[in-house]
Structure formats: structure tokens, C-alpha cells
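Following the working numbering, the numbering of the sequence shown begins with 326 at its first residue and continues without gaps.
Here is the structure we will look at.
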Amino acid sequence: LWTQSDLHPKEGVEALLQRDIVGEVRDAGVRVLKTDVAWVGAGYSFGLNGVADVAGIMPYYGGDARPFIISLDGWAGTQRYAGIWTGDQTGGEWEYIRFHIPTYLGSGLSGQPNITSDMDGIFGGRNVAVNVRDFQWKAFSPMQLNMDGWGSNPKYPQALGEPATSINRWYLKLKSRLMPYTYTIAHEAVDGEPILRPMFLQEANAYTLGVGTQYQFMYGPSILVAPIYKATRPDSLDDVRDGIYLPQGLWIDYFTGDVYEGGRIINDFAAPLWKLPVFVKAGAIIPVHKPTNNPGEMDPHLRCYDFYPAIGNNIFTEYDDDGTTQAYLRGESVTTYVSQMLDKSGKLIIQVLPAKGAYRGYVPQKSTRLCLYLDTEPKSFSVKVGGKKIALIQATDYASWQRTPGSWFFGKSDVEHMDITALMVNIPEMDVRQTALQLYADGVKLPSPDRNLSGTGVLSAPQAKVETPAAYSLTPSWTAVPNADYYEIFFQGQTYSTIRQTSYTLENLTPETGYSLQLRAVNKDGQSPWQELSATTTADPLEHAIRGIRGETSCPNQRGQALAHLFDFDETSTWHTQWKQQAVPFDLVADLRSVNMLDKLQYLPRPDAGNGTLLRGSVEYSMDRQTWTPVCDFSWELSSETKEISFPDHPVARYIRLHVTDAVGGFGSGQQLYVFRVPGSDFYIPGDINQDGRIDENDLTSYENYTGLRQGDGDFEGYISKGDLNGNGLIDVYDISAVAVELESGVSSRPVPPVAGSVSVSTAWAGDELRLTLTGSALQSVNGISLCIPYDPNEFEYLGVEPTSVAQMHNMTRDRLHTNGKKAVYPTFVNLGEQTYTEGDVELLTVLFRAKGGTRGTLSVKDLMLVDKYMNVLQF
326 LWTQSDLHPK
336 EGVEALLQRD
346 IVGEVRDAGV
356 RVLKTDVAWV
366 GAGYSFGLNG
376 VADVAGIMPY
386 YGGDARPFII
396 SLDGWAGTQR
406 YAGIWTGDQT
416 GGEWEYIRFH
426 IPTYLGSGLS
436 GQPNITSDMD
446 GIFGGRNVAV
456 NVRDFQWKAF
466 SPMQLNMDGW
476 GSNPKYPQAL
486 GEPATSINRW
496 YLKLKSRLMP
506 YTYTIAHEAV
516 DGEPILRPMF
526 LQEANAYTLG
536 VGTQYQFMYG
546 PSILVAPIYK
556 ATRPDSLDDV
566 RDGIYLPQGL
576 WIDYFTGDVY
586 EGGRIINDFA
596 APLWKLPVFV
606 KAGAIIPVHK
616 PTNNPGEMDP
626 HLRCYDFYPA
636 IGNNIFTEYD
646 DDGTTQAYLR
656 GESVTTYVSQ
666 MLDKSGKLII
676 QVLPAKGAYR
686 GYVPQKSTRL
696 CLYLDTEPKS
706 FSVKVGGKKI
716 ALIQATDYAS
726 WQRTPGSWFF
736 GKSDVEHMDI
746 TALMVNIPEM
756 DVRQTALQLY
766 ADGVKLPSPD
776 RNLSGTGVLS
786 APQAKVETPA
796 AYSLTPSWTA
806 VPNADYYEIF
816 FQGQTYSTIR
826 QTSYTLENLT
836 PETGYSLQLR
846 AVNKDGQSPW
856 QELSATTTAD
866 PLEHAIRGIR
876 GETSCPNQRG
886 QALAHLFDFD
896 ETSTWHTQWK
906 QQAVPFDLVA
916 DLRSVNMLDK
926 LQYLPRPDAG
936 NGTLLRGSVE
946 YSMDRQTWTP
956 VCDFSWELSS
966 ETKEISFPDH
976 PVARYIRLHV
986 TDAVGGFGSG
996 QQLYVFRVPG
1006 SDFYIPGDIN
1016 QDGRIDENDL
1026 TSYENYTGLR
1036 QGDGDFEGYI
1046 SKGDLNGNGL
1056 IDVYDISAVA
1066 VELESGVSSR
1076 PVPPVAGSVS
1086 VSTAWAGDEL
1096 RLTLTGSALQ
1106 SVNGISLCIP
1116 YDPNEFEYLG
1126 VEPTSVAQMH
1136 NMTRDRLHTN
1146 GKKAVYPTFV
1156 NLGEQTYTEG
1166 DVELLTVLFR
1176 AKGGTRGTLS
1186 VKDLMLVDKY
1196 MNVLQF
């Protein structure tokens, strides 16, 4: 920021920038893409357009400061410069948590481990359960953003009062306690596994490689997190979590110390509002610290390690650097190798080797706190520092242990919610770069799994049945078995365990498929015999519903409740037109993106039939969005029941339009709009010219070969004629656009006004060269153009086309000889995917011909067409 006094009297601000900033930045080797100058109060602000530029400038002008940049999106390589934020979303709904879990995991697998999102969204809110659960699981993520500037509800951790305030505070403290572990796995993610890891990276099998574990993850190598992402028991803030897959081995409840055998799926896991299901892998070594308000408050004279002993040898290498500068890129960092080894006789050895490396500000004189989480106190233990045994005194309680170097304590900490015993050792300061540390313990006993089993006696096999199978799920139910603590189902190679209810739903199945399963009861004394069951899933009620529909409305829609929610086959999502803005009357156009024989459509209002519920209007269909055929008027009662409209004549169409004339509150809303094709009827994808069931570069190549082909040409009939989507007997830019808008990641859902404007043609001679120039006036949203210029090859030679304002478009121009012997040039340009539109008063292109034999004849333009990304058309 500069004030006017900084300016040289004879130079402007641009010159100042070039002299004082841009030159220096370029000298630093940083690429400047664009400079933006604007008034800010009495001064100027200077912006560099590009994340890479900012990432280079911050260290250069910040005294080697480490950049911290968050970007809404970016291409491959963004992870080198910025973390990713998922954008403005609506909180207060379980859907906000649900979709973010696989989003975070996918981001990490894509090479971007540093991902974040707004706490409880930026919009919506005031749902205590969702607010708390979001703070809980994101404590085990790289970053947590609090932001509510665009929304109407504050999103601070304390915004909803108790009990949310205390719970959110506690998880923020837990996040700070885990900082040394988090920092280490963040460093590992530079060239190793991401911070949040899908379960198949921990254990790959048929179950983890499917969708069964998409709502849980490993936080680094040792901590398993299973977020509460839906209300399983919706009548209470206290809930349970089903479907937690525990890999092979032993897993410890982080809060209670209860041990669970892995290799199974546990259910009915108690999760009162304060409790996030978190498990630690037996054998884990986790560097931690005292909770702080920010990393700057961390005590540089203290290091802490949590140990979860297990039979075998386990290691962890802790990483640290100064946390604020670029020095770590020059190798200025510290690593500490930590190990624990336990044999079957109960002998445990813990080693913390001398730290290696250094960085500016590093303090080697540190005290060390070790916490070994065990059910019972070992028979004996000792500590050696630098090979010499040190004396330790027994503290009377946790608080005195904390403040007394050279002490030990066995018991529970006074940390709220932590109901787990540990052997805790407080070792005085030492030079950790020069000194190794060992702890030896004998008589270490590990807690037994399922220690909460209490039922005894012989168990009978459950009497079970499967009632009312569904298309994608089966729900066996059974009568309670006396003395049973829980039940287990063996299904498709997996054991679904700790089921405490007398029914269970198996999901993600295939319609109209037979399945078999086994069911048994479990208690402290053992298991009952297996009860065999079999059932067949039903047909999918949405089997013939058309998927992949893309919609648009003639009115704006609310951010976070986009029209895409109306076609996403998720009946928990909602579409809503823009809040506080009258929408009715408006048009809703559904692009089926395939040509179908229509059977019916179903509209699912929002569950409360509130604002935006559609009441009256009309329905039409079309093949090309130009000609619309009416179906019927609709007048629906105000209710949340599904509404249906039939197409009795089964017309063939690609587009459906609802003209809405009345809706609750003058808005528009809904959960789903299903469109069904006639069962058994054929359909095809417009633009799939090679008929392989998808749109890709091969279809574009086919269109390039056949641009300008007309009905009557020898190659037109057959599969090429199916590419004539507007049925005008010509392969033109409208037909090609069906492919173009699907390539390069497709077009965005950002609405644009329909194509508009006019085009004029002028001719000019330069010697024997004829130039035909097309000029556009007041153009709007032009995404493609095509035209035809017939010519006699005895009089003219086609020289080429010079694109001007359409130069960024893909050139598909063809000079074609038709079967009837006539020639014509077809200048054709179209954007691939979402690109800049051609707009305003601009010169479009020039087509060049050379006259033969001194002719001065004229050439005319035919079949001139402009198209936008929604395939609206202007014809001239």
C-alpha cells in the first residue's frame, strides 16, 4: 500500500510499481502474470494475479516467511503453492459433513493433502448436532476455517452456547495437543501418504476398496477416525455410529481405553454428543504436547510421547522445524527416532534416540514426558538417560506429576472425557541431541478385547427373517436371544459385529440379486450357532429414471442449493431459487443429455412443502430447444407427496420445460425431479456419433471429418445422420456442440444469458483475392459459429480462414466436395468445455478466396448459426 506521497511527482502509480516492485520481483525470479492497481482509502493497492506469484513474493518481502495461501480451486501443481478450501457451502445439515469426508480423502489421493472447509458451512447453521460433529471430526484435519461473512448465522465455536461451546473448545484443545503428530504426518505428505488416508492404504481388501469405508479414515498411520455424519438415532443429540471397519490387529478407544479386535465391522458404537469415535492402533507412538491456544505458545523445553504397547516392534520418526520460515527447504529441521518393543513375556523397551539436525531457535534442553496407556501397573520399570539409570519418585496424583520432574504416576489424567489409565513418567531436562533415553518395564499386561462383555450361559441361534427387501439393501431382523451381549452377521466375507439392536441393514447391494448371510449371538462365554438366511433384493424403482440430467432456470438460484441438487438422485439435498427474490413465473429446462422415449416425470417437493414448492404451471418437450410441444398443465395440491406427470403418447425428446406460474412464496424449490424413459425403449446420447456409449475425443474427431456433410451426400445416411441433432440435414455447429460442451471437464453450471446479437457480412477485393469478413454486433454468450459459403471451383480457389475474435475456439473448418459435385466451405469454430465467450461488437473471422480467370463474381453466406453453451441457437 502506497500513499500519494510515495509517488515521484513526474511518474504515475504504474511507473512506481514497475520501479519499486515488479522489477524487484522479477529480479527475485518470480513470474508476474498481471498487475492490478486500485485506490484503497488514500493509497494504492497492488495485486499480483496468480498463486505462484504470491507464493514467491511472500518469502521475498517477508523475511523468508513461509507462505500460507488458501485457494478455492486450482490445477495440478497447486499443492506446491496453496492449500485448498471447498468453497461457500450450507451447514446445519448432515449432508455438509457427509460429502466432505470423501472429498477430503479424494483431495489427498490427488496430491493435495492440505484441504479445509468452513466450520459448519458459511450459510445455514443453528443445528447443535451438526455444528458439534463438524468441529469434532475436523479436529483431525489439516485446517479449520471459521467464516460466516456471507451467512446469517455466526459460526464461532461458542455461537450456539452450551453444550456446544465446551465440546468445541475441548476438540480444539485436542487438536493443539496432537500438533507434533499432525506436523509430522503433514511433512510425510510432502512425498508420502496424505494426512487423511483412505482405509485401503491401511489395509487393502474387497471391502476397503469399495464404498464401505468412505466415511472413515486414518489420520496418519496410527489414528482411525469415524465421523458422525448422519443421525442414526435422530431423537437424541447422543447417538451411535454403525459400520466402523477396524483393520486387522487391536484398536483402542482413544477416550476409554476399551480394546477391540480388528478384521471386522463394529456397530452400535456409543457416541454421546461429546464423543467422536476415535481409535488408536495398538503399537502406536504419538508425539503430543500440552494444549495451547496457538503453536507459538508451545513450550520449547518440553516434549511428550503417548505409547500404546502391543506385541512386537513399533517405530515412529518425529519431525520438527521452525514452523515459520523457508529454512526447512534448506534442510534445517530435526528428526527424533522413537521405538517400543514388547515381547510375549511382558517385557517392554522404549527408546528415544538423540535428535538429529537443527534449526534456528531450536532448544535442545528439554524435559520429556512419557505416557504408556495400560490397564494395570507394570510389575516394575526403570528409566535410563544417557545410559545411566535415574531415580524417580511416585507422585500422588496427576497434577503433582505434571509439575514434578523426575516423578511417575499410574492412573488417570484429569483431562475431561479421558477415562483411560496410563503409566506416566516425567523425566528432567536433558540435551536431547546428545542423550538417548530408555524405559524398561516388566510384567506389562495388555487389556483384553471386548472386556465389556458381561452375559454368560449357552446361547441359542437367533430366529431371524428378512422382511420387505429393498432394491439396494436387505434388513434381517430377529428375536432377542437371552444372555446375548450383541449379535454378528457374516456377509460377503466380512463380520458385522457388536450389533446390539435386533435388526440390521446391509447396504450398497445390487437390485434383483440373491444374497445369503449368517447370524449369531455373542456373549462372554462364546457364540451361538450360525443362523442361515437368504433373500433377494427387489427391482430398482428408479431403474428407468434418466441420470446425468443438467438443468437451468430463467431465475437465479441460491448458492449452496443449486439446481443440480434437483437431479442428483439424493433425496436429502434441496434446490431453492435465490432467497428473498421473487422467482415466479420462471422456466425450468431439464436437458436429459440423451434422447429418450418419455414415460413420466416425478417431482419430490421439500419435506415440509414450504417455500418454493411448485403448485401450478405447464410442461413441454423438445428435441432442439427451438420447437416446444405442450404436454399438459399441472395444478398440484400443497403437500410433500410426490407429484407425477405422464407422457401418454411416449414422445421422443431431449429437453423438458416446466413453465412455473405459481409456487409457495413466489420461490422455487424441490428435492428431486425424476424423468423416466419407457422401460425397454432405446435411447442414445446426442453427439455420441460413434455410438460407444460416451462422449469423448473420438466423437469430436468424427465430427471434424463430417463437418458440412449434408443429407444427400453418400456418407450421410446411417450413423452420421444420427449426429444431425437438429434435423436440418447438415452437420453444423449445433450438432458439434453436443460433444464440445462435454469435453475439457465440461461447461460450468454458472448461468449465462442466451446467445444474442447480429452478424453482418462484408466483401473486399485486394487484387485477385476476395475477402469475406463476418462482423458481430451486440453479441452475447457466443460459444460456437458455423456457416456455409458455396463456390464454383472453376471461378474461385479457397485459400483459408483467418479467425479473429473466435481464434481461441477449436477450428473445425472444412472445404467440402459434395456428392452432387458442388463445393462449399464450412467455417466452423466452437469452444471445447468452459472457455471465454465471444461478445460485443467484434470482427469474427475472414474467409479468403482467389479469383480465377479474372472473375469478379460474388459469394454468399448460407446456414449461418451462432450457439451458446446451453445450445441455444441464433440462425441467420
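We put the CB at the ideal spot given by N, CA and C, even for glycine.
- Residue range Glu1022 to Tyr1031 is occupied by the alpha helix (DSSP H) that includes Thr1026.
- Cβ-Cβ separation between Pro634 and Val769: approximately 6 angstroms, consistent with a contact (criterion under 8 angstroms).
- Residue nearest to Ala908 within the set Ile492, Asp987 and Gln852 is Asp987 (criterion: CA-CA distance).
- If you draw a 10 Å sphere on the C-beta of Phe632, you find 16 or more other C-beta atoms in it, and that means buried.
- The Cβ atoms of Val1058 and Thr1153 sit closer than 9 angstroms to each other.
- Comparing C-alpha distances from Ile409 to each of Asn592, Ser466 and Gly885 shows the shortest one belongs to Ser466.
- The alpha-carbon separation between Ser1046 and Glu966 amounts to approximately 43 angstroms.
- According to the DSSP assignment, Thr1088 belongs to the beta strand (DSSP E) that extends over Ala1081 to Ala1091.
- The Cβ-Cβ distance between Tyr653 and Thr693 does not fall below 9 angstroms.
- Under DSSP, the beta-bridge partners assigned to Ser822 are Ile591.
- In this structure Asp895 is exposed. Its beta-carbon is surrounded by fewer than 16 other beta-carbon atoms within 10 angstroms.
- Distance from the CA atom of Asp578 to the CA atom of Asp700, rounded to whole angstroms, is 13 angstroms.
- If the five residues before and after Ala609 are omitted, its C-beta is found closer than 6 angstroms to the C-beta atoms of Ser547 and Tyr633, all from its own chain and listed in chain order.
- The beta carbon of Gly545 sits closer than 6 angstroms to those of Ile510, all from its chain and outside the five residues before and after it, given in chain order.
- When the five nearest sequence neighbours on each side are left out, the beta carbons in the same chain lying within less than 8 angstroms of the beta carbon of Pro616 are those of Lys498, Leu499, Ser501 and Arg502, in order along the chain.
- In this structure, Lys691 sits away from His614, with a CB-CB distance that is not shorter than 9 angstroms.
- Annotation for Ile426: the continuous alpha helix (DSSP H) segment containing it runs Trp419 to Leu434.
- Here the alpha carbons of Gln788 and Ala860 stand approximately 15 angstroms from one another.
- Within the same chain, and ignoring the five residues on either side of Lys1194 in sequence, the residues whose Cβ sits closer than 6 angstroms to its Cβ are Val1066, Val1072 and Asn1108.
- In this structure, the beta-carbon distance from Thr661 to Leu678 falls below 9 angstroms.
- DSSP places Ser779 in no alpha helix (DSSP H); its state is neither H nor E.
- For Lys713 and Glu518, the gap between their C-alpha atoms comes out near 38 angstroms.
- For the set Tyr797, Ile874 and Leu867, the Cα lying nearest the Cα of Thr838 is the one of Tyr797.
- Excluding sequence positions up to five before and after Trp904, its CB lies within less than 7 angstroms of the CB of Gln883, all in the same chain and listed in chain order.
- For the options Gly1182, Pro1011, Glu586 and Ser442, the alpha carbon positioned closest to that of Gln414 is the one of Ser442.
- Per DSSP, Val455 is one residue of the alpha helix (DSSP H) stretching across Val453 to Lys463.
- Contact check for Ile395 against Met383 fails: the beta carbons are separated by 9 angstroms or more.
- Taken in chain order, the complete beta strand (DSSP E) segments of 3 or more residues contained in the stretch 547-577 are 548-550, 564-566 and 569-571.
- Residue range Phe911 to Leu929 is occupied by the beta strand (DSSP E) that includes Met922.
- Pairing Tyr1031 with Gly1054 gives a Cβ-Cβ distance that is not under 9 angstroms.
- Shortest Cα-Cα distance from Thr862 to any of Asn808, Pro801 and Asn848 involves Pro801.
- Counting C-beta pairs closer than 8 angstroms gives three or more between the stretch 679-690 and the stretch 754-765, which meets the contact rule.
- Ser1074 and Gln1160 have their C-alpha atoms some 13 angstroms from each other.
- Contact between the stretch 760-767 and the stretch 589-602 is not established, with fewer than three Cβ pairs separated by less than 8 angstroms.
- Residue environment: Asn619 is assigned as exposed (fewer than 16 neighbouring CB atoms within 10 Å of its CB, all protein chains considered).
- Pairing Gln727 with Tyr812, the inter-Cα distance amounts to about 43 angstroms.
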